[in-house]
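Residue numbers (this note's numbering): 6 to 279.
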């Protein structure tokens, strides 16, 4: 199996002209270059907000910027890190700017003024140089591992985070973790998993090509948590067929290894196995 579909097309598409193959290669290279950026969004945005706030306050304390300037900056900063409550009509998930900024500030607090709770959870941070600790975090972690390592109980309480389980096999929502010792760990683990690209991106791989016959390209989509493909699947297959120029088949596979649906192009039909 080949998970890099563009790479497979670039190397094996039978009818692509050299200039077309080169375009596919360029697009693939650009996508690969930016792939790591998606794994550090919380950290990058939090780092920028943290230093923007910290440096401007240092300038203000030195009398180098005016009150009016700072009020304008604070208004912009507040808008950027605003986090609507879970029951707000404006809620659309956790703001990465808010989470990243709050975690950076919290690390600084733990380094400078640790509580007994902080010393239990983060003995490696308590009473250390916050600049060194922050740089270590930025240099050695991505969003998933950063949250798993540094999200503190205090910040979980302040941001009112909890773990809500929405299982399609159950009629009700379940609160799986609240603000207690075990709950903090569960919330932290659940939140870090939300930034794992292995859970966020679809697992679609090339599994076979009938090079001696129809030259049909077959791909498998491995479902996670029984999530079906979206309504745009046919349009995506059309684009893939344009590049491959022979029949394309996409099969959805559940966690038991059974085929639950098949999508075909150029016909565009879907066969629901259930």
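Just so it is clear, CB atoms sit at the ideal spot from N, CA and C, and this is done for glycine as well. None of the values given here were measured: they were computed from a predicted structure.
Query                                                                                                                                                                            : Result
Using a threshold of 8 angstroms, state whether the C-beta atoms of residue 152 and residue 189 are closer than that.                                                            : no
On the three-state DSSP scale, how would you describe residue 124?                                                                                                               : helix
Does the beta carbon of residue 103 fall short of 7 angstroms from some heavy atom of the ligand FMN?                                                                            : You won't find the ligand FMN in this model; it holds no ligand whatsoever.
What beta strand (DSSP E) runs, 3 residues minimum, are completely inside the segment 177-215?                                                                                   : 179-182, 208-214
In terms of DSSP beta bridges, what is residue 36 paired with?                                                                                                                   : In the DSSP output, where bridge partners are listed per residue, residue 36 has none listed.
Roughly how many whole angstroms lie between the Cα atoms of residue 65 and residue 72?                                                                                          : 8 angstroms
Return the CA-CA distance between residue 59 and residue 53, expressed in angstroms with no decimal places.                                                                      : 10 angstroms
In terms of DSSP beta bridges, what is residue 222 paired with?                                                                                                                  : 214, 253
Quick check on DSSP: helix, strand or coil for residue 234?                                                                                                                      : coil
Pairs of beta-carbons, one from the segment 256-273 and one from the segment 41-49, closer than 8 angstroms: are there three or more?                                            : no
By the three-class DSSP mapping on this structure, what secondary structure does residue 80 have?                                                                                : helix
Could you give the DSSP three-state label for residue 95: helix, strand or coil?                                                                                                 : coil
Terminal residues of the continuous alpha helix (DSSP H) containing residue 64?                                                                                                  : 46-66
Please list, in chain order, all residues of the same chain as residue 156 whose beta carbon is under 6 angstroms from its beta carbon, the five residues on each side excluded. : 193
To the nearest angstrom, report how far apart residue 30 and residue 13 are at their CA atoms.                                                                                   : 10 angstroms
Looking at residue 224 and residue 210, is the spacing between their C-beta atoms short of 8 angstroms?                                                                          : yes
DSSP three-state call for residue 168: helix, strand or coil?                                                                                                                    : strand
Who pairs with residue 88 in a beta bridge, going by DSSP?                                                                                                                       : Residue 88 is not bridged to any residue.
Per DSSP, which residues does residue 227 bridge with? Please list them.                                                                                                         : 208, 258
Taking residue 204 and residue 182 to be in contact with their CB atoms under 8 angstroms, please state how far apart those CB atoms are, rounded to whole angstroms.            : Contact doesn't hold; Cβ gap of about 18 angstroms is too wide.
According to the neighbour-count rule (16 or more other Cβ atoms, all chains shown, within 10 Å of its Cβ), is residue 93 buried or exposed?                                     : exposed
Looking only at its chain, what residues have a beta carbon closer than 8 angstroms to the beta carbon of residue 228, apart from the 5 residues adjacent to it on each side?    : 257, 258, 259, 260, 265
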